[in-house]
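Novice: Okay, here's the structure, questions in a sec.
Number of protein chains: 2
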Amino acid sequence: MNNRDDIVEKLKSSGVTPTTQRVEIAQILFARPQHLSAEQILEMANEGSSTASKATVYNTLGLFAKKGLVKEVIVDPSKVFYDSNVSRHFHFFNTDTGMLTDIPVDAINFDKLPELPEGTESSSLEVIVRIKNS
Amino acid sequence: MNNRDDIVEKLKSSGVTPTTQRVEIAQILFARPQHLSAEQILEMANEGSSTASKATVYNTLGLFAKKGLVKEVIVDPSKVFYDSNVSRHFHFFNTDTGMLTDIPVDAINFDKLPELPEGTESSSLEVIVRIKNS
DNA sequence: TATAGCGTTAGACAAAGTCTAGGAATGCAG
DNA sequence: CTGCATTCCTAGACTTTGTCTAACGCTATA
Ligand SMILES: [Mn+2]
Ligand SMILES: [Mn+2]
Ligand SMILES: [Zn+2]
Ligand SMILES: [Zn+2]
Chain V
116 MNNRDDIVEK LKSSGVTPTT QRVEIAQILF ARPQHLSAEQ ILEMANEGSS TASKATVYNT
176 LGLFAKKGLV KEVIVDPSKV FYDSNVSRHF HFFNTDTGML TDIPVDAINF DKLPELPEGT
236 ESSSLEVIVR IKNS
Chain Z
116 MNNRDDIVEK LKSSGVTPTT QRVEIAQILF ARPQHLSAEQ ILEMANEGSS TASKATVYNT
176 LGLFAKKGLV KEVIVDPSKV FYDSNVSRHF HFFNTDTGML TDIPVDAINF DKLPELPEGT
236 ESSSLEVIVR IKNS
């Protein structure tokens, strides 16, 4: 999922018109499974010759999230992380370093889960293990 | 844990000097198990005759969190919730309403948990079930 | 009464994110 | 080709949550 054409296809098949800026941002995100903040993506998008404005980066990340291309991870009170790994998994968050790392889905097993409140449906189940350097 | 004297005792026994403002904020929080944002607490603290500044509210919440009197819950990208229930439990977060509700500890059971990365120790294990109205 | 230490305060400041209004690109219809 | 509608992008103003600073208050102790 690395070259420009694959990315264009990926966007199209999610119903996202592949504009220059969106493809650029997608290339940054989908280069590998990773957790990036909007500000990091903005900076990376403006390193090479191509550019993208702050508004476009935020709009695009919002759009990608809505289309299921990335997942928002909310663990740091000061910024949202965008996760290019949308398969089911969990997270370690190191509060000393601010680093977010994956916990593979099979490293955790539930043998009991709660019933949802009346009139609601689940949109995600997140497990966050907060860690610190010992 | 409701009258002024109990609260003063609770603060003292956690090593927190019970100043007027801290007692006021503690009374708001410990009236019942609840999830309040800093802005809500600031507003509530300034409803009656007593007052507390923004800086003091944030300082106090940070101090309470450090002393284990409240727990910060990070689920909403725009604000931190302070949880006056510090016993082990988990959360539903309704993304439609912004409401945070408790999941009792015994409603979830793990039969497998991940090993921590080298050189780290766990400071908390959070489960957040994001829900929406159906 | 002097001094020290801690706590509180107003308001400036910082950082993440949103919004607005206009301009650029694109894709048709005439 | 030209005009027009639609979608997208953009700079920069703005909002919100939270932090910081510098001065001031309060209390205890000598
Ligand atoms: Mn924040
Ligand atoms: Mn935010
Ligand atoms: Zn991840
Ligand atoms: Zn709770």
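These protein sequence lines are chains V and Z, in that order.
Following the working numbering, the numbering of the first sequence begins with 116 at its first residue and continues without gaps.
Following the working numbering, the numbering of the second sequence begins with 116 at its first residue and continues without gaps.
Positions of the beta carbon are idealized from the N, C-alpha and C atoms, including for glycine.
Whole beta strand (DSSP E) runs in the segment 126 to 174 of chain Z with 3 or more residues, listed along the chain?
Specialist: 150 to 152
Novice: Using 7 Å as the limit for Cβ to Cβ distance, is D217 of chain Z near chain V?
Specialist: no
Novice: What span of residues does the beta strand (DSSP E) with N209 of chain Z cover, start to end?
Specialist: 205 to 209
Novice: Which whole-angstrom value is the C-beta distance of S238 of chain Z and I246 of chain V, which I expect to be below 8 Å?
Specialist: Contact holds; Cβ gap of about 6 Å.
Novice: What would DSSP say about E124 of chain V, mapped onto helix, strand or coil?
Specialist: helix
Novice: Can you tell me which residues fall inside 6 Å of ligand 4, judged by beta-carbon distance to its nearest heavy atom, and keep chain order?
Specialist: After applying the 6 Å Cβ criterion, the set is Z:H150, Z:D198, Z:N200, Z:H204, Z:H206, Z:D217.
Novice: Output, in sequence order along the chain, the residues in the segment 228 to 247 of chain V whose CB is closer than 7 Å to any CB in chain Z.
Specialist: L228, P229, L231, P232, G234, T235, E236, S237, S238, S239, L240, E241, V242, I243, V244, R245, I246, K247
Novice: What did DSSP end up calling Q215 of chain Z once you bin it into helix, strand or coil?
Specialist: Per the sequence presented here, residue 215 of chain Z reads as Leu, with Gln not at that position. DSSP places L215 of chain Z in strand when its eight states are reduced to three.
Novice: Hey, how far is the Cα of A180 of chain V from the Cα of N161 of chain Z?
Specialist: 39 Å
Novice: What span of residues does the beta strand (DSSP E) with S239 of chain Z cover, start to end?
Specialist: 235 to 248
Novice: Taking only beta-carbon atoms, is I189 of chain V less than 7 Å away from chain Z?
Specialist: yes
Novice: Count the C-beta pairs between the segment 199 to 219 of chain Z and the segment 133 to 150 of chain Z that are closer than 8 Å, then say yes if the count reaches three, no if not.
Specialist: These segments touch.
Novice: Please work out which residues of its chain come closer than 7 Å, Cβ to Cβ, to L231 of chain V, disregarding the five sequence neighbours upstream and downstream, and give them in chain order.
Specialist: S237
Novice: Where does S165 of chain V land, buried or exposed, given buried means 16+ other C-beta within 10 angstroms?
Specialist: By the 10 Å Cβ count, S165 of chain V comes out exposed.
Novice: Compare the C-alpha of E233 of chain Z against each of V:D226, V:N209, V:K227, V:P133 and name the closest.
Specialist: V:N209
Novice: In this structure, does DSSP put K182 of chain V in helix, strand or coil?
Specialist: coil
Novice: Check each candidate in Z:I218, Z:S202, Z:I189, Z:Q142 and name the one with the smallest Cα separation from D121 of chain Z.
Specialist: Z:Q142
Novice: Examine chain V for any beta-carbon lying closer than 7 Å to the beta-carbon of N224 of chain Z, and answer yes or no.
Specialist: yes
Novice: Which of helix, strand or coil does DSSP assign to V220 of chain V?
Specialist: helix
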